[in-house]
Each structure stands twice: as structure tokens, then as C-alpha cells.
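**Student:**
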Amino acid sequence: MHDLSKLWSVHLYHYLITKFNFTKNTQNTLDYYLIHHNTRLSGLFIHGYHSPQFSQNYHPSSPRKPKPKNTQNMASFASFTAPSAATAAAYPKTPQLSAATKPPTHISHHYSSPAGHRRRTRQPLHITCDSTAPNNTPVPDNHSPTSRRDLLLGLGAGATTALTLDPFSAALARPVRGPSIEACVRATAGDQTFACCPPSFAGVDIMDFQLPSASEPVRIRRPAHLAGLDPVWLDKYKRAIKAMRCLPNDDPRSYIQQARVHCAYCNGAYVQADDTNKGLQIHYSWLFLPFHRYYIYFYERILGKLIDDPTFALPFWNWDHEDGMPIADMFKDTESPLYDPLRNPAHQLPTSLLDLDYNKRQPAVRTKEEQVRVNYAVVYNNMVSGAKRRLEFFGAKYRTGSAVPVRQSSGSCENLHNPAHIWVGDSSRALGEDMGNFYSSGRDPLFYVHHGNVDRLWNVWKTIGKFRFDFDDYDYLNASFLFYDENAKPVRVKVKDCLDNKLMRYDYEERPLPWRNFQKTPASSATVANIFGGEKTANAAEAPAVELTPLTEFPLALDSVVSVSVARPKKSRTAAEKEAQSEVLVVYGIELQGDKVVKFDVVVNDDPANPSGPDKFEYAGSFLNVPHDSMKFATNLRLDITDLVGDIGADDDDELVVTLVPRVADGPVTIAGVRIELQN
Ligand code: C2O
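Going by UniProt numbering, 420 is the number at position 420 of the sequence shown; the sequence numbering is gapless.
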């Protein structure tokens, strides 16, 4: 209960101080609880946050609570009469309910690290700076408020009014106006807190962002594995990063301050400008792409400024091309300012290819060809077949007043980018530094290069086909963030000014898109054919049955493979109907603790005992959480299955059998349910 008590403390704390105007003494006490995480505020739950599943006395090593769905005998199947009747109508070849069902596949919460992941004693990177402070000394927070208490003392009537508004009313324009300039507190990750606040914006003039002059040279970002072959450019890049590391720590352009930007926006340091009782989070929503575009835009210009080269461009990690899949050599040179010692050493070998289907401590054993194919499949799923429309590609609409724990859904572009964080970070560390946690990922030069590719793929997506354009929602276009520019001046940027990167005077070198027309193949398992509509074979009667969990048993803790039969809103759709509306599979109410790695795959009409990987028709997508703040949160996973349904020959079925396959569970995860909807 240790972690949970901390979570409840955090929620309770926010709630009490905002709702009930606690006295300073009470707040001090609550601060104490927060800081020491060693108490339980039992018996008090915050409306909307409490979930019975999550509050079970959970410990990864404790025995599983018996779940009704673990049916090992025929009698239990009586409990899914309704779904089975419907399913029988949908499938002429209904799942056989074999008495000899095999035990559900369990996912273990304990893994032993494979040999080869062990290496230790990290040598801290040594950079000799000619002057100024060393780059790694701790910096005190520049902000005056040191806790929520301090910042909330300044809350006026305005904030109270905001509390009464319906957070999702579309009638009101409420773009997220970035962080409150007064409010920044220590960020959280795991059991720790971190100083992540950039130099304070309070009391200083904040300029509105202006696009650079059209006479500025266009910076051309090149793939890292090719750019690194150019010694002149590489020398500039290293000199620039070194200069950044050598800036005084209180310079907002310094290496450490740049890294803090990410931490502040992602690990609970900032609150929203218009609604200071709500946190600010730029992942899990439509803010993801524009925020990171601006972040690396300023980072690149700072680097250029530090070496006095207005043409300087960052490279991008071209992981959607076979040749770009390993970490580029320049980042692996331990003497280089581009090196970060806090990475998974096993992934810095020349032969290690980024795994876009990475299952953390259970790495897949694949040949190079297989890994390349899987990676192309993952890119295809998240850029082409599973990203036909804006909501699925960009992520949920996030407006001022949306509570941070209700992150509606990440876009597929964000989902596509997640595995690299976990794969690069050092998984032997509890928090996965540097890349494996949002609080620390900005400390690795690879972060900005990884995000270069994400940013490039945003552009590429818009060229792929119909319906692929930016949101024109007022609250999207006017959402804003705060940064420091290359002259160390604070700037307020709006999303609407970053939609055309050419106007920002940078662009990408064109690259082939080998994943563009990826050909998926059917799952090979005979079971799939037997159960889900393939040719019946002579021994069909002996085929393993799919053990279905009734939807009524949700919400449930996802600690073993779960299959559920889900009704489709419409079957036998025409090509025109399919084009007018996508069929979207929604795994909703995914609840977990923000600082835990959790991954599960979603397959449709597949053999639960042998679920397909990303290159198969049956695979719909994956959920992967990159650790950030230690708050509990809930989100949804939206997967476009329009193509999938046709590929598996299920167009005329009333229902689909959706299987959730847990792959990594560093903490508990519960799922509220699964549904299928049609979407414009
Ligand atoms: Cu803000 Cu790749 O994360």
C-alpha cells in the first residue's frame, strides 16, 4: 500500500487545498505527508479518482486475487450465456468450449535481467569547460513557491470560478494557456521529487512568438546516421552541445535547464495558467506534437547561436528506415558530449536495432530482417492503417480545465514514439533514466534527435492521404506554451504558428518511406482459422477454444490474457461507408500509476495462446506507458480497425473477439472496458 497511500495523499492534498481552503497549518501537514510518503490517509477518497480495482491491496509479488473469469470448468461458462448466444449468431463456426481449457497465460511481474544487460559502474561523462559552473551540479529551484501550498495561497476568485465550469463544454473557448507563470513546484517520479522549474517567468516581459524572417536560411535536418559521416557538421554539433553543457546552470539555455523543460511539462511541476488547481501535461493529447516541435525548435536555435551558425540543424533519428535503426555512432562515443552514460548498454552495440515493439525485460529474439519487418509494421500501423483520422493520430482534445488524470488518449504518433524511450533508457535503474522517464529524458542528446523523427513523421502523415490534416479547432490553434529562445528571452508560443515548419525556417531531408505500403500477412495459427471463420479442418473439434470473459466482468485487473466479444455498431459496410467513417476499437478506462512501465497488445479474432505480432492482420496495436509523474491516471487507447476487419474477413460479423495481451507490468493496470465505435 505504500505507493497507493502516496497516490491518495497527492489526490487528497490537491482536493482539500482547492476545495476547502485549508489553513496554512493543515497544508503544512499535508506537505509533510506528501514529502515523506509514509502515511496513509485512509477512509477518504476523492470523487472520480477512486477505483475499487486500483485500491486493492496490490503488490506485484503477492498472489493474484482469484478472479471469476479464471474459469477452469464448464460450469463457469454458463456465466457468459448472453455473449455466447450473440457470438453464435455472428460466427457460424462458434468457439468450441472445450472442457480441457488451458490455464490462462500469466504475466509475471518478476523478471530477471538477461545477462548482457548487466554492466555497471558508470563513468560520468567528463566535459572540460573553459569557464563557468560545472554542468552537473544540482541547481536550486529558481521559483519562489516551493510547494503547492505556496502557489495556492495566491489563488483568487478567478480560479474558483473556473472550477465550476464544465470542463468539456464545447461552447466555451478554452485553449490550454500553458503553465501558470507563478506556479511551479517540484516534479515527481517514483518516490522522489526533482527540481525541474526553469528560471521563473514571473515578473519578466514575455514576448509573443514571431516566426523567423523569411530571409533566414532554412536549416535542413538530416538523418543522424548519414549526417554523422560529415565531419564538419559533426564537429559543429559537438561544439554546440559542449557549449550548452558549459553554460552556467542558471542560464535558461543551459543543458540542464533545457532538460528541465521536459520534466516541468511532464512530471507535475507546472499547473495550467487558467486553472491552477489542474496540472499541466503535454503528453496523452493533441498537445504532444506541437509542444515537442517548439521544444526542439528552440533547442536547435540555441545550439546554432552558441556556435554562431544560423544554418545549424539538428539531425533526426531515422528509425523508420532500416539503415537508421541503430543508435547513430556519434552518440555512442564515450568521449563525446553527445554521449549519455544513462542508457541501456545492451542497446548501444553496433548490432542493436531499435525495437518498436519492445517488451522491456522480455526482449524479442529476432534476426535483423525480422526486426526490420516488425519495425516497418509498427510504423505502418501507426501512420497508415491505424491513423486514418486526426483523433487517432494526434490524440485527444485537451482544453483548459481538463484534469490531468483524465488523459483521454494518446495519438498513434505518440504511441509509435514511446518504445524508443523505454528501449534507450537504462532499465536497470528504478526510474529508467535517462530516456525511460519523462523527468530525465531531456538529459540525453538522443531525445531531441528521436523527437526530430517524430516531428518529421507528423509532416509525412499529412501527405499520406485523405482526412490527414491538422486540427482547426480554436482551442488547438490557440493552445500556448512558454519557452526561452536562443537569446534567453521568454516567449509565448501558440500552436497555430507551428503547423508549417517551413515558415519556422527548418525542414527535413527527404527520405524513402519503406513502410509506406507494408504488406501484412494473416496469423499462421490453425486455431485462428478454425475458430474465426477459416476452413474447418478435420480436427477442428480438437482446436483450443477461446475462453471469453463477459464484458460485465469489466473493469478488471489486466494481469493475464483476456478475450472479450465486442459488438460492432454496424456490419457489412460498403466501401463508401468505410471511407466516410472509421471503425475504431477503444480500450477505455486504462488506469495505472504514471511512473510505471505497462505494455499490452491488442489483437482481434486471434489465438489468445499465440497472439500475433505487429506484422499480422490480427494485430490492432499496443498500449505502452512511458513513466512520468507518480500520479495515478486514466487514459484510453483508440485503434482504427477499418482495414483490419476487412483483412481478417470479418466484415459481415456482428462481433469481434478482442484479446488484450499483457507484455510488461511494472505496476498494476485495470481496464474499464472495450467498445467499437464509428467515427468521422
Ligand atoms: Cu515528451 Cu518523447 O516525450
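All C-beta atoms in this analysis are idealised placements derived from N, C-alpha and C, irrespective of residue type, glycine included.
Can you confirm whether the segment 415-426 touches the segment 190-199 when touching is taken to mean that 3 or more C-beta pairs between the two stretches lie within less than 8 Å?
**Tutor:** no
**Student:** For the alpha helix (DSSP H) containing residue 291, name the first residue and the last one.
**Tutor:** For the purposes of this step, residue 291 is taken as the residue at position 291 of the sequence shown. Where residue 291 is concerned, the enclosing alpha helix (DSSP H) stretches over 288-306.
**Student:** Less than 8 Å between the C-beta atoms of residue 583 and residue 676, yes or no?
**Tutor:** Here residue 583 corresponds to residue number 583 of the sequence shown, with the count starting at 1. Here residue 676 corresponds to residue number 676 of the sequence shown, with the count starting at 1. A contact, by the Cβ cut-off of 8 Å.
**Student:** Once the 5 residues before and after residue 511 are set aside, which same chain residues still bring their CB inside 7 Å of it?
**Tutor:** Locating residue 511 in the sequence shown gives position 511, counting from the first residue. Answer for residue 511: 223, 318 and 321, listed in chain order.
**Student:** Measuring straight from C-alpha to C-alpha, what distance separates residue 315 and residue 589?
**Tutor:** As a position in the sequence shown, residue 315 is number 315, starting the count at 1. As a position in the sequence shown, residue 589 is number 589, starting the count at 1. Approximately 38 Å, taken between the alpha carbons.
**Student:** Going by beta-carbon coordinates alone, are residue 442 and residue 184 separated by less than 8 Å?
**Tutor:** Residue numbering aside, residue 442 sits at position 442 when the sequence shown is read from its first letter. Residue numbering aside, residue 184 sits at position 184 when the sequence shown is read from its first letter. Result no, Cβ atoms of residue 442 and residue 184 do not sit closer than 8 Å.
**Student:** Taking contact to mean at least 3 C-beta pairs separated by less than 8 Å, is the segment 242-259 in contact with the segment 295-307?
**Tutor:** yes
**Student:** Name the two residues that bound the continuous beta strand (DSSP E) containing residue 636.
**Tutor:** In the sequence shown, residue 636 corresponds to position 636, counting from 1. Element bounds for residue 636: 632-640.
**Student:** Shorter than 7 Å, the distance from the beta carbon of residue 201 to the closest heavy atom of the ligand C2O, or not?
**Tutor:** As a first step, residue 201 must be located in the sequence shown, where it is residue number 201. No; taking the cut-off as 7 Å, the Cβ of residue 201 has no heavy atom of the ligand C2O nearer than that.
**Student:** Output the boundary residues of the beta strand (DSSP E) element that contains residue 484.
**Tutor:** What you label residue 484 is simply residue 484 of the sequence shown in a count that begins at 1. Segment 480-484, the beta strand (DSSP E) holding residue 484.
**Student:** Within the same chain, show all residues whose beta-carbon is closer than 6 Å to that of residue 260, passing over the 5 residues directly before and after it, in chain order.
**Tutor:** In the sequence shown, counting from the first residue as 1, residue 260 sits at position 260. If we look at residue 260 and ignore the five residues flanking it on each side, its Cβ neighbours are 196 and 198.
**Student:** Let me make sure I understand the geometry here. Which of 209, 206 and 631 has the alpha-carbon closest to that of residue 191?
**Tutor:** Counted from its first residue, the sequence shown places residue 191 at position 191. That would be 631, whose Cα lies nearest to the Cα of residue 191.
**Student:** Do you know offhand how far residue 227's Cα is from residue 347's?
**Tutor:** Counting from one through the sequence shown, the residue named residue 227 turns up at place 227. Counting from one through the sequence shown, the residue named residue 347 turns up at place 347. Taking the straight line from one Cα to the other gives about 21 Å.
**Student:** Could you tell me if the beta carbon of residue 554 falls within a distance shorter than 7 Å of some heavy atom in the ligand ATP?
**Tutor:** This structure does not include the ligand ATP; its bound ligands are the ligand C2O.
**Student:** What do you get for residue 164, buried or exposed, if any count of 16 or more other CB atoms within 10 angstroms of its CB means buried?
**Tutor:** The count along the sequence shown starts at 1 and reaches residue 164 at position 164. Caution is warranted here: a pLDDT of 31 is assigned to residue 164, below 50, making its placement in the model unreliable, and no coordinate value can be reported.
**Student:** Below 8 Å on the Cβ atoms is my contact criterion, and I expect residue 549 with residue 563 to pass it. Report the Cβ-Cβ distance as a whole number of Å.
**Tutor:** Stepping through the sequence shown from its first residue, residue 549 is reached at position 549. Stepping through the sequence shown from its first residue, residue 563 is reached at position 563. With a Cβ gap of about 6 Å, residue 549 and residue 563 count as contacting.
**Student:** Drop a sphere of 10 angstroms on the beta-carbon of residue 382, count the other beta-carbons inside from all chains shown, and report buried for 16 or more, exposed for fewer.
**Tutor:** Taking the sequence shown and counting its residues from 1, the one referred to as residue 382 is at position 382. Classification for residue 382: buried.
**Student:** Would you mind sorting residue 481 into buried or exposed? The rule is 16 or more other CB atoms within 10 Å of its CB.
**Tutor:** For the purposes of this step, residue 481 is identified with residue 481 of the sequence shown, where counting begins at 1. Residue environment for residue 481: buried (at least 16 other C-beta atoms within 10 angstroms of its C-beta).
**Student:** If we count Cβ pairs, one from each stretch, closer than 8 Å, do we get three or more for the segment 522-534 versus the segment 470-487?
**Tutor:** Too few Cβ pairs lie closer than 8 Å, so no.
**Student:** Can you tell me where the beta strand (DSSP E) holding residue 565 begins and where it ends?
**Tutor:** Position 565 of the sequence shown, counted from the start, is the residue given in the question as residue 565. 562-567 is the span of the beta strand (DSSP E), which, as asked, contains residue 565.
**Student:** Could you pull the DSSP bridge partners for residue 591 from this structure?
**Tutor:** As a first step, residue 591 must be located in the sequence shown, where it is residue number 591. For residue 591, which the question treats as bridged, DSSP gives the partners 634 and 670.
**Student:** When you compare only the Cα positions, how much space is there between residue 379 and residue 462?
**Tutor:** Position 379 of the sequence shown, counting from 1, holds the residue named residue 379. Position 462 of the sequence shown, counting from 1, holds the residue named residue 462. Each residue's alpha carbon lies about 15 Å from the other.
**Student:** Assess, as a yes-or-no matter, whether the segment 427-444 is touched by the segment 653-660 under the definition of 3 or more beta carbon pairs within less than 8 Å.
**Tutor:** no
**Student:** When the Cα of residue 490 is compared with those of 333, 613 and 181, which residue comes out closest?
**Tutor:** Taking the sequence shown and counting its residues from 1, one reaches residue 490 at position 490. Per the Cα distances, 181.
**Student:** Am I right that residue 557 and residue 627 are in contact with their C-beta atoms under 8 Å? What's the rounded C-beta distance?
**Tutor:** Here residue 557 refers to the residue found at position 557 when the sequence shown is read from its first residue. Here residue 627 refers to the residue found at position 627 when the sequence shown is read from its first residue. In this structure, residue 557 and residue 627 do not form a Cβ contact; the two beta carbons are roughly 20 Å apart against a cut-off of 8 Å.
**Student:** With respect to 7 Å, is the separation between the Cβ of residue 312 and the closest non-hydrogen atom of the ligand C2O below this value?
**Tutor:** Translated into the one-based positions of the sequence shown, residue 312 becomes position 312. Checking every heavy atom of the ligand C2O against the Cβ of residue 312, none is found closer than 7 Å.
**Student:** With a cut-off of 8 Å, does the C-beta of residue 410 fall near any C-beta of chain B?
**Tutor:** Of the protein chains in this structure there is only one, and it is not chain B.
**Student:** Could you tell me the alpha carbon to alpha carbon distance between residue 211 and residue 297, rounded to whole angstroms?
**Tutor:** On the sequence shown, position 211 is the one that residue 211 refers to. On the sequence shown, position 297 is the one that residue 297 refers to. Taking the straight line from one Cα to the other gives about 11 Å.
**Student:** For residue 332, is the classification buried or exposed, using 16 other Cβ atoms within 10 angstroms of its Cβ as the cut-off for buried?
**Tutor:** Residue numbering aside, residue 332 sits at position 332 when the sequence shown is read from its first letter. With 16 or more other Cβ atoms within 10 Å, it is buried.
**Student:** Within 10 angstroms of the Cβ of residue 517, are there 16 or more other Cβ atoms? Answer buried if so, exposed if not.
**Tutor:** Start at 1 with the first residue of the sequence shown, and residue 517 comes out as number 517. So residue 517 counts as exposed.
**Student:** Could you tell me whether any non-hydrogen atom of the ligand C2O is closer than 7 Å to the CB of residue 421?
**Tutor:** Within the sequence shown, numbered from 1, the residue matching residue 421 stands at position 421. Yes - the ligand C2O has a heavy atom lying nearer than 7 Å to the Cβ of residue 421.
**Student:** Under DSSP, the beta strand (DSSP E) around residue 445 begins and ends at which residues?
**Tutor:** Mapped onto the sequence shown, residue 445 falls at position 445. First-last for residue 445: 445-461, but that is the alpha helix (DSSP H), not the beta strand (DSSP E).
**Student:** On a Cα-Cα basis, can you pick out the residue from 216, 308, 598 and 492 that is closest to residue 559?
**Tutor:** Here residue 559 refers to the residue found at position 559 when the sequence shown is read from its first residue. It is 598 whose Cα lies nearest to the Cα of residue 559.
**Student:** Could you check what DSSP says for residue 596 in three-state terms: helix, strand or coil?
**Tutor:** As a first step, residue 596 must be located in the sequence shown, where it is residue number 596. Note: residue 596 maps to coil in three-state DSSP.
**Student:** Would residue 644 be called buried (16 or more neighbouring beta carbons within 10 Å of its own) or exposed?
**Tutor:** Numbered from 1 along the sequence shown, position 644 holds the residue referred to as residue 644. When all chains shown are included, residue 644 counts as buried.
**Student:** Roughly how many whole angstroms lie between the Cα atoms of residue 531 and residue 572?
**Tutor:** On the sequence shown, residue 531 is found 531 positions in, with the first residue counted as 1. On the sequence shown, residue 572 is found 572 positions in, with the first residue counted as 1. Between residue 531 and residue 572, the C-alpha separation is close to 20 Å.
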